[in-house]
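Peer 1: Protein sequences, first through last, are from chains G and P. Position 324 of the first sequence, counting from 1, maps to 325 under my numbering, and the rest follow consecutively. Position 197 of the second sequence, counting from 1, maps to 205 under my numbering, and the rest follow consecutively. Glycine included, every Cβ here is placed at the ideal spot set by N, Cα and C. The structure presented is a predicted model; accordingly, all values stated were derived computationally and were not measured.
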Amino acid sequence: MLSVQVGAAAVPPAVLAGMPRLRWGWAGAGLLALAASCGVGVLVGPVHIGVGTVVQTLVGGAVDPGQANILWSLRFPRVVLGVLVGGTLAIAGAAYQGVFRNPLADPYLLGAAAGANLGATLAIALAPGTSVLGVNVVPLAAFVGAGAAVSGAYALGRSVTGLRSATGLILAGVAIAAFFNSIQSYVQQTQTSSIRQVYSWILGRLVTAGWDDVLLILPYVLLSVVAIYLHRRLLDALTLGEDEVTSLGIPVRRVRLIVVVAATLGTAAVVAVGGTIAFVGIIVPHTIRLLVGRSYRVVIPLSVLFGAAFLVLADAAARTVVAPAELPIGVITAFLGAPFFIAVMRSTRAAAL
Amino acid sequence: MRTHQPEASAKLAVRFGVVAFLSVFFAASCGGAPTSATSTPASRFPVSITAPGGATVTIPRRPQRVVSLSPSATEMLFAMGAGPQVVAVDDQSNYPATVPKTQLSGFTPNIEAIAAFTLDLVVAAEDTAGLVHGVQALNVPILIEPAAKNLDDTYVQIKQLGAATGHAADADSLVASMRSQVGSFVASVAKPARQLRVYHELDNTYYSVTSATFIGQVYKLLGLTNIADAAAGAAPDYPQLSPEYIVASNPDLIVLADTKCCQQDLSSVAARPGWRAIVAVKSGQVVPVDDDVASRWGPRIIDFMRAVALHVQQLEKQAA
Chain G
2 MLSVQVGAAA VPPAVLAGMP RLRWGWAGAG LLALAASCGV GVLVGPVHIG
52 VGTVVQTLVG GAVDPGQANI LWSLRFPRVV LGVLVGGTLA IAGAAYQGVF
102 RNPLADPYLL GAAAGANLGA TLAIALAPGT SVLGVNVVPL AAFVGAGAAV
152 SGAYALGRSV TGLRSATGLI LAGVAIAAFF NSIQSYVQQT QTSSIRQVYS
202 WILGRLVTAG WDDVLLILPY VLLSVVAIYL HRRLLDALTL GEDEVTSLGI
252 PVRRVRLIVV VAATLGTAAV VAVGGTIAFV GIIVPHTIRL LVGRSYRVVI
302 PLSVLFGAAF LVLADAAART VVAPAELPIG VITAFLGAPF FIAVMRSTRA
352 AAL
Chain P
9 MRTHQPEASA KLAVRFGVVA FLSVFFAASC GGAPTSATST PASRFPVSIT
59 APGGATVTIP RRPQRVVSLS PSATEMLFAM GAGPQVVAVD DQSNYPATVP
109 KTQLSGFTPN IEAIAAFTLD LVVAAEDTAG LVHGVQALNV PILIEPAAKN
159 LDDTYVQIKQ LGAATGHAAD ADSLVASMRS QVGSFVASVA KPARQLRVYH
209 ELDNTYYSVT SATFIGQVYK LLGLTNIADA AAGAAPDYPQ LSPEYIVASN
259 PDLIVLADTK CCQQDLSSVA ARPGWRAIVA VKSGQVVPVD DDVASRWGPR
309 IIDFMRAVAL HVQQLEKQAA
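What follows is the structure, encoded as structure tokens:
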């Protein structure tokens with residue numbers, strides 16, 4: 002259904018006049034940042050592995066089997082997962098900010114995080130260690146929970162306001178999130194033995210089932226990113242205001258639905274394997290707005306690249322700062338992200354906000 | 009289904025220890041030796057007990073209706089024979105199977121719910137949510153026996169609970185039996201040819217324990233090197249380890265204290281990416297233990313220690 006509709010409606014060229022396009026320089030910078038962060042992600046960790054060994058391993062040369070095992074089984078999949086999770090959270094955040102025309106929107110706005118947390122908590126507490134068709138039940142439950150919460154918010158928002166305004170939808174999301182959070186707290190309260198795991202989950206982590214997790218979420222991530230990317234011009238058009246855009250013949254509600262579904266699908270998938278990692282979906286798109294430009298043709302593609310680069314770096318920090326212990330990645334994203342974001346706001350004097 | 013065979017046999021062993029000790033005790037007293045008046049001084053009520061927390065608690069009469077909000081204290085009370093005096097235990101107390109389980113919570117205690125049991129002593133592990141204040145308002149003595157840091161703490165707590173419930177002699181014999189078993193376990197693991205490394209897993213997100221913890225002390229006693237100690241700088245007690253560090257540390261022994269919470273076992277550990285390279289996984293030295301036994305500081309620590317000592321002996325035999 003989604004794949005049929007991703008062929009986004011056309012936007013009259015006049016609407017986009019004056020909005021900056023993505024320059025090759027910035028696209029190159031984004032790719033470079035991503036490549037550099039992946040290099041760092043592969044090279045640092047509690048176990049020291051030299052550049053030579055990493056290169057040898059990648060080209061299939063003879064290396065110590067212990068180090069090769071760590072690289073192939075643990076470090077490479079973790080970096081790839083960081084790319085997928087970071088890129089998806091950032092593009093989903095940008096997409097939500099676009100459709101709701103709200104700077105505070107993030108991928109969890111319609112209750113995705115609350116739903117995923119509830120699903121994961123239920124799975125951890127009530128069905129520990131079980132798997133369905135070879136897949137651990139925790140990510141499945143988180144994925145279903147996130148989808149259920151956002152669907153619930155959408156249905157509630159539609160029944161109340163008929164989707165005439167985005168505000169009704171946002172409030173429905175707030176209500177659903179609060180409701181799901183309360184159930185999650187209750188379950189956690191009654192299952193005290195699983196508090197540590199639930200806590201670990203909520204703060205987010207990329208310690209995973211290796212390549213299995215990468216393959217598990219890859220289809221959803223690709224579908225989500227491609228669908229949102231194809232709607233970048235429509236998101237630009239939406240900035241003109243709903244009535245004006247409707248008068249141009251653009252189906253605003255359909256656009257909103259498709260973008261929300263795509264962003265939710267991607268968010269639910271990455272949250273399922275990485276936990277509810279905070280802040281990426283807010284600061285990455287806003288930093289790009291401040292430094293590069295407001296146009297969604299700029300923000301959407303650059304969010305993927307810089308979001309991925311940011312999360313890979315954050316994860317490298319998560320596993321090295323207190324090595325051989327680890328910090329939850331959600332702690333790092335906010336701890337590094339908040340001061341950086343403030344610095345960007347101050348240096349640009351927030352003129353672009 | 010989990011088999012409770014090792015626990016049952018360990019319980020028997022503890023009982024035999026108690027019986028053996030008591031028979032020696034009675035033989036000595038029948039033989040005309042003067043009964044040591046100091047062996048059970050605290051059984052005369054009222055007794056005053058100074059809990060590790062500092063406050064002194066006075067118990068006027070031998071308690072007949074005890075409420076335990078601490079699973080470890082529950083296990084201590086039943087092991088020393090004070091079980092018949094216990095009228096209610098919290099929702100986490102599940103051993104022995106005959107405990108009078110209730111909905112009471114030791115984490116979020118509800119004073120009214122506790123007061124509903126006519127009671128004359130409360131035992132808990134921590135003073136949360138105004139528990140001590142609330143119970144004192146009921147004019148009921150409350151004893152806080154916090155998480156033990158080492159086996160000596162456990163012995164002190166058992167003796168205090170014995171004194172508080174009129175089972176001082178039983179508590180002494182339980183402690184003596186535990187001490188002698190710990191001694192035999194330590195003696196059973198000869199000086200290893202090389203340092204054996206252990207990884208203790210609290211859950212499948214790789215939280216572990218350092219030697220500063222109660223359970224870590226047990227590994228230390230058995231002469232094992234704990235790989236989590238390297239992370240003590242990050243979290244002195246319970247660090248969350250990086251999986252690549254665990255794999256690279258190549259532990260000789262993996263102890264899974266997440267068999268209940270997370271259903272982990274040798275096959276699920278071997279299925280983790282990269283873990284097949286670990287020597288403990290290759291040689292099958294992955295010890296599943298009951299999460300509860302490994303997280304409490306009661307008499308069943310003996311069962312835990314026996315299981316670990318057995319594997320250390322195997323490893324030493326392999327090395328020889």
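Buried or exposed: residue 30 of chain P, going by 16 or more other Cβ atoms within 10 Å of its Cβ?
Peer 2: Its pLDDT being 40, under 50, residue 30 of chain P is placed unreliably in this model, and the value from its coordinates should be taken loosely. It is exposed - the Cβ of residue 30 of chain P has fewer than 16 other Cβ atoms within 10 Å.
Peer 1: So which residues on chain P does residue 182 of chain G lean against when the C-beta distance must stay under 7 Å?
Peer 2: Within 7 Å Cβ-Cβ: nothing; residue 182 of chain G doesn't reach chain P, min ~18 Å.
Peer 1: Any beta-carbon of chain G closer than 8 Å to the one on residue 137 of chain P?
Peer 2: Residue 137 of chain P does not count as touching chain G.
Peer 1: For the segment 279-297 of chain P, enumerate the residues whose C-beta is nearer than 9 Å to any C-beta of chain G, in chain order.
Peer 2: The segment 279-297 of chain P vs chain G, Cβ under 9 Å: 279, 280, 281, 282, 283, 284 and 285.
Peer 1: Which bits of chain P does residue 308 of chain G rub up against, with CB to CB less than 8 Å?
Peer 2: Those do not exist, as residue 308 of chain G stays about 23 Å from chain P at its closest Cβ, beyond 8 Å.
Peer 1: Relative to the alpha-carbon of residue 296 of chain G, which residue among G:13, G:24 and G:11 has its alpha-carbon at the smallest distance?
Peer 2: Checked all of G:13, G:24 and G:11; the closest Cα to residue 296 of chain G is G:24.
Peer 1: Taking only beta carbons into account, state which residues of the segment 238-251 of chain P come closer than 9 Å to chain G, listed in chain order.
Peer 2: Correct list: 238, 239, 240, 241, 242, 243, 246, 247, 248, 249, 250 and 251.
Peer 1: Measuring CB to CB, does residue 47 of chain G end up less than 8 Å from residue 329 of chain G?
Peer 2: Contact flag unset, no.
Peer 1: On the CB-based measure, 16 or more other CB atoms within 10 Å of its CB, does residue 79 of chain P come out buried or exposed?
Peer 2: Buried, by the Cβ-count rule.
Peer 1: If contact means a Cβ-Cβ distance below 7 Å, which residues of the segment 323-343 of chain G contact chain P?
Peer 2: Under the 7 Å Cβ criterion, the segment 323-343 of chain G contributes 323, 324, 325, 326 and 327.
Peer 1: Quick one: what's got a C-beta closer than 6 Å to residue 106 of chain G's C-beta in the same chain, skipping five residues either side?
Peer 2: Excluding residues within five positions, the ones whose Cβ falls inside 6 Å are 97 and 98.
Peer 1: Please report the distance separating the alpha-carbon of residue 224 of chain P from that of residue 305 of chain P.
Peer 2: The alpha-carbon atoms of residue 224 of chain P and residue 305 of chain P are separated by roughly 12 Å.
Peer 1: Which of the residues in the segment 183-215 of chain P, read from start to end, lie with their CB under 8 Å from any CB of chain G?
Peer 2: Residues 210, 211, 212, 213, 214 and 215.
Peer 1: Counting along the chain, where does the beta strand (DSSP E) carrying residue 209 of chain P start and finish?
Peer 2: Residue 209 of chain P -> beta strand (DSSP E) spans 205-209.
Peer 1: Could you tell me the boundaries of the beta strand (DSSP E) in which residue 132 of chain P lies?
Peer 2: Where residue 132 of chain P is concerned, the enclosing beta strand (DSSP E) stretches over 129-132.
Peer 1: In this structure, does DSSP put residue 296 of chain P in helix, strand or coil?
Peer 2: It is a strand residue.
Peer 1: How big is the Cα-Cα spacing for residue 296 of chain P and residue 162 of chain G?
Peer 2: In a straight line, the C-alpha of residue 296 of chain P is about 55 Å away from that of residue 162 of chain G.
Peer 1: Look at the Cβ atom of residue 238 of chain G, then the Cβ atom of residue 251 of chain G, and state whether they are nearer than 8 Å.
Peer 2: It is a contact, given that the beta carbons lie within the stated cut-off.
Peer 1: Beta-carbon separation of residue 114 of chain G and residue 272 of chain G under 8 Å?
Peer 2: Result yes, Cβ atoms of residue 114 of chain G and residue 272 of chain G sit closer than 8 Å.
Peer 1: Decide if residue 26 of chain G is buried, meaning its Cβ has at least 16 other Cβ atoms within 10 Å, or exposed.
Peer 2: Counting Cβ neighbours within 10 Å, residue 26 of chain G comes out exposed, since fewer than 16 surround it.
Peer 1: Step through the CB atoms of chain G and report whether any lies within less than 8 Å of the CB of residue 50 of chain P.
Peer 2: Since pLDDT at residue 50 of chain P reaches only 45, below the 50 mark, its modelled position is unreliable, and no value is offered.
Peer 1: Closer than 8 Å, CB to CB, is residue 53 of chain G near chain P or not?
Peer 2: Chain P contact via Cβ: absent.
Peer 1: Taking the continuous alpha helix (DSSP H) assigned at residue 172 of chain P, which residues delimit it?
Peer 2: Looking at the DSSP string, the run of the alpha helix (DSSP H) that includes residue 172 of chain P is 159-173.
Peer 1: Under three-state DSSP, which class holds residue 290 of chain P?
Peer 2: If DSSP states are grouped into helix, strand and coil, residue 290 of chain P belongs with the helices.
Peer 1: Do residue 162 of chain P and residue 309 of chain P have their C-beta atoms within less than 8 Å of each other?
Peer 2: The answer is yes: Cβ separation under 8 Å.
Peer 1: One question on the structure: do residue 268 of chain G and residue 122 of chain G come within less than 8 Å of each other, judged by their Cβ atoms?
Peer 2: The answer is no: Cβ separation not under 8 Å.
Peer 1: Residue 210 of chain P: which of P:227, P:243, P:267 and P:87 sits nearest, CA to CA?
Peer 2: It is P:267.
Peer 1: Mind checking residue 201 of chain G: buried by the 16 CB within 10 Å criterion, or exposed?
Peer 2: Buried: at least 16 other Cβ atoms inside 10 Å.
Peer 1: Rounded to whole angstroms, what is the Cα-Cα separation between residue 126 of chain P and residue 73 of chain P?
Peer 2: Looking at the two C-alpha atoms, the distance is approximately 7 Å.
Peer 1: Measuring alpha carbon to alpha carbon, tell me which of G:317, G:226, G:336 and G:337 ends up nearest residue 300 of chain G.
Peer 2: Looking at the Cα atoms, G:226 is the closest of the given residues.
Peer 1: Is the Cβ of residue 34 of chain P closer than 8 Å to any Cβ of chain G?
Peer 2: Bear in mind that the predicted position of residue 34 of chain P carries a pLDDT of just 38, short of 50, making it unreliable; the figure below should be weighed with that in mind. Output row for residue 34 of chain P: interface = no.
Peer 1: Below 8 Å on the Cβ atoms is my guess for residue 193 of chain P versus residue 313 of chain P; work out the distance and round it to an integer in Å.
Peer 2: About 5 Å; that satisfies the 8 Å criterion.
Peer 1: Alpha helix (DSSP H) containing residue 95 of chain G: first to last residue?
Peer 2: Start and end: 77-101.
Peer 1: Mind checking residue 65 of chain G: buried by the 16 CB within 10 Å criterion, or exposed?
Peer 2: Looking at its Cβ environment, which holds fewer than 16 other Cβ atoms inside 10 Å, residue 65 of chain G is exposed.
Peer 1: Is residue 198 of chain G near the ligand MG, with its Cβ less than 7 Å from a heavy atom?
Peer 2: In the structure shown, the ligand MG is absent, as is every other ligand, since no ligand is present at all.
Peer 1: Name the two residues that bound the continuous beta strand (DSSP E) containing residue 55 of chain P.
Peer 2: Residue 55 of chain P -> beta strand (DSSP E) spans 55-58.
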